[in-house]
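Chemist: In our numbering, the protein residues as written are 20 to 399. Don't be surprised by glycine CBs; every beta carbon is placed ideally from N, CA and C. Below: one structure in structure tokens.
Listed below in structure tokens is the structure:
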């Protein structure tokens, strides 16, 4: 089971005493993760009589490799002390284990203590815990308090099939399947996310600066977006129907698919989203929108008030699955803020209740190494 620690959870609590594995990325955000760990996190954990083992990650995908190899039963929780990128590594490390199906059903939930730039999941936890929006140390302390309480809640994942990575030996590669907990972005949002890396030293302010830079030179991208409305029910939870898809083709400023309430600690992008609602919340903006209206959209998003913003260029749609085919030759695609190969992409919700054994008995969960997409002409 994939879990997190908001206080709306009271039905399931971790046992006491607890043993936690802390994975710390010392380079996340402004590079303050270890300092905050020493001054804020460890004192609270010790006061709560929780034992722990702390590992500092040394390189990209270090946590992913560790999670694929560790013995899960010895831990009552795996806690990421970083931003959302390290959590993406850990979740996919779990799903790449040979015993992945058992691993996600064991009582070893995953939590996050925010020390990164975006901290979207932490912002969602903070929101559902009933706290006011906050950043930096106050957000960290709120999440650490929830961790010490020990509540757990199931969380949906989204399986994402991306285009093959560029081949180095001349042979065509295979589509890649990964698991996402936060978002898929194309256009304005992904451009800001990736291009603002040069301002990483500014912490979360890098996104504000990146947004202003991109607004000054607004781009649009030609593409085709298809989505499956939530009212369409498949016979088997693992299968997607080949019909009933709604398709929009044209020029887009952005396409954002999000499954948490927050895209950043201070960006309430999907106010109606819940951890296990079984939905992908799609927002797409068509070309033709003015810079002023787009700026108003993001300013309203800070308060979660953007859904009431009236514009013929902006749409908000719930979906069970979606397919995105970029038709412009260049662009940026991200999954959970991580860059993925540019090209056709497909995503569908994997319900948390399936991982916990509540799936329809006649439908077995597929291994994440098996790619069986529904009929999609641009995906092999």
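Give a yes or no on whether the minimum CB-CB distance between residue 358 and chain C is below 9 Å.
Modeler: The structure shown contains no chain C; it holds only a single protein chain.
Chemist: Assign residue 118 to buried or exposed, taking buried as 16 or more other Cβ atoms, counted over all protein chains shown, within 10 Å of its Cβ.
Modeler: exposed
Chemist: What's the gap between the Cα of residue 176 and the Cα of residue 234?
Modeler: About 31 Å.
Chemist: Taking buried to mean at least 16 other C-beta atoms within 10 Å of its own C-beta, is residue 351 buried or exposed?
Modeler: buried
Chemist: Identify the continuous alpha helix (DSSP H) that holds residue 209 and give its terminal residues.
Modeler: Where residue 209 is concerned, the enclosing alpha helix (DSSP H) stretches over 207–214.
Chemist: Could you check if residue 66 is buried or exposed, using at least 16 other CB atoms within 10 Å of its CB as the buried criterion?
Modeler: Its Cβ having fewer than 16 others within 10 Å, residue 66 is exposed.
Chemist: Would you mind reading off the limits of the alpha helix (DSSP H) that contains residue 54?
Modeler: 52–55
Chemist: Would you call the stretch 73–82 and the stretch 99–110 in contact, with 3 or more CB pairs under 8 Å?
Modeler: yes
Chemist: Measuring alpha carbon to alpha carbon, tell me which residue in 280, 101 and 365 is nearest residue 163.
Modeler: 101
Chemist: Taking 7 Å as the limit between beta carbons, can you name the residues of its chain near residue 113, skipping five residues before and five after?
Modeler: 86, 119, 122 and 123
Chemist: Quick check: the Cα distance between residue 353 and residue 359, rounded to an integer number of angstroms?
Modeler: Looking at the two C-alpha atoms, the distance is approximately 6 Å.
Chemist: How is the alpha helix (DSSP H) around residue 311 delimited, first residue to last?
Modeler: 310–320
Chemist: What span of residues does the beta strand (DSSP E) with residue 197 cover, start to end?
Modeler: 195–199
Chemist: Taking the DSSP output, what are the residues bridged to residue 364?
Modeler: 343
Chemist: Under three-state DSSP, which class holds residue 392?
Modeler: The predicted model places residue 392 with a pLDDT of 32, which falls under 50 and marks its position as unreliable; any figure quoted below should be read in that light. Residue state, collapsed to three classes: coil.
Chemist: How is the alpha helix (DSSP H) around residue 155 delimited, first residue to last?
Modeler: Unbroken alpha helix (DSSP H) run through residue 155: 155–168.
Chemist: Tell me the rounded alpha-carbon separation between residue 222 and residue 261.
Modeler: When rounded, the distance between both Cα atoms is 43 Å.
Chemist: Nearest to residue 242 by alpha carbon, out of 300, 129 and 306?
Modeler: 306
Chemist: Let me make sure I understand the geometry here. Which of 152, 185, 204 and 68 has the alpha-carbon closest to that of residue 195?
Modeler: The candidate whose alpha carbon is nearest that of residue 195 is 185.
Chemist: Report yes if the C-beta distance between residue 178 and residue 369 is below 9 Å; otherwise report no.
Modeler: yes
Chemist: Would you kindly work out how many angstroms separate the C-alpha atoms of residue 146 and residue 287, rounded to a whole number?
Modeler: 9 Å
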